[in-house]
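Numbering of the sequence shown is given in UniProt numbering, commencing with residue 1 and proceeding in unit increments.
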Amino acid sequence: MAALPSRGLTRELNKCVILADLPHLRLSGNRQQRRLYATWRGYLTADQIKEGAGQVLSLIREQGYTHLLNDNSLVTGMDE
């Protein structure tokens with residue numbers, strides 16, 4: 001069983017705005033704290049990983065996020 005997030009993280013995630021919601025990746029951000037959250041999920045192909053990583057980099061460049069939480073706890077597998 002996965003550990004539950006701390007109360008502080010739960011409050012912070014509640015302040016996030018969803019920036020992209022794809023079948024394999026949800027990107028949300030907290031602009032006030034300049035944090036970007038990438039939640040990967042499901043079985044990932046190489047193309048999905050490249051596309052998602054490109055979106056992450058674009059958001060960092062364009063919107064000035066300085067922190068990234070990259071969560072892969074919902075990934076069930078990936079192409080090699």
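A virtual CB, placed ideally from N, CA and C, is assigned to each residue, including glycine.
Please name the residue or residues paired with residue i in a DSSP beta bridge.
i: Leu74; result: Arg41
i: Leu69; result: Tyr37
i: Val17; result: Gly29
For a quick check, are the C-beta atoms of residue i and residue j less than 8 Å apart?
i: residue 125; j: Tyr37; result: With the chain represented from 1 up to 80, any question about residue 125 goes unanswered, as that position is not in the structure.
i: Lys41; j: Tyr65; result: The question names Lys, but residue 41 in the sequence shown is Arg. Cβ distance not < 8 Å, so Arg41 and Tyr65 don't count as in contact.
i: Ala53; j: Asp79; result: no
i: Leu59; j: Leu19; result: yes
i: Gln32; j: Lys50; result: no
With burial defined as no fewer than 16 other Cβ atoms inside 10 Å of the residue's Cβ, what is the status of residue i: buried or exposed?
i: Asp21; result: exposed
i: Leu27; result: buried
i: Thr76; result: exposed
i: His67; result: exposed
i: Val56; result: buried
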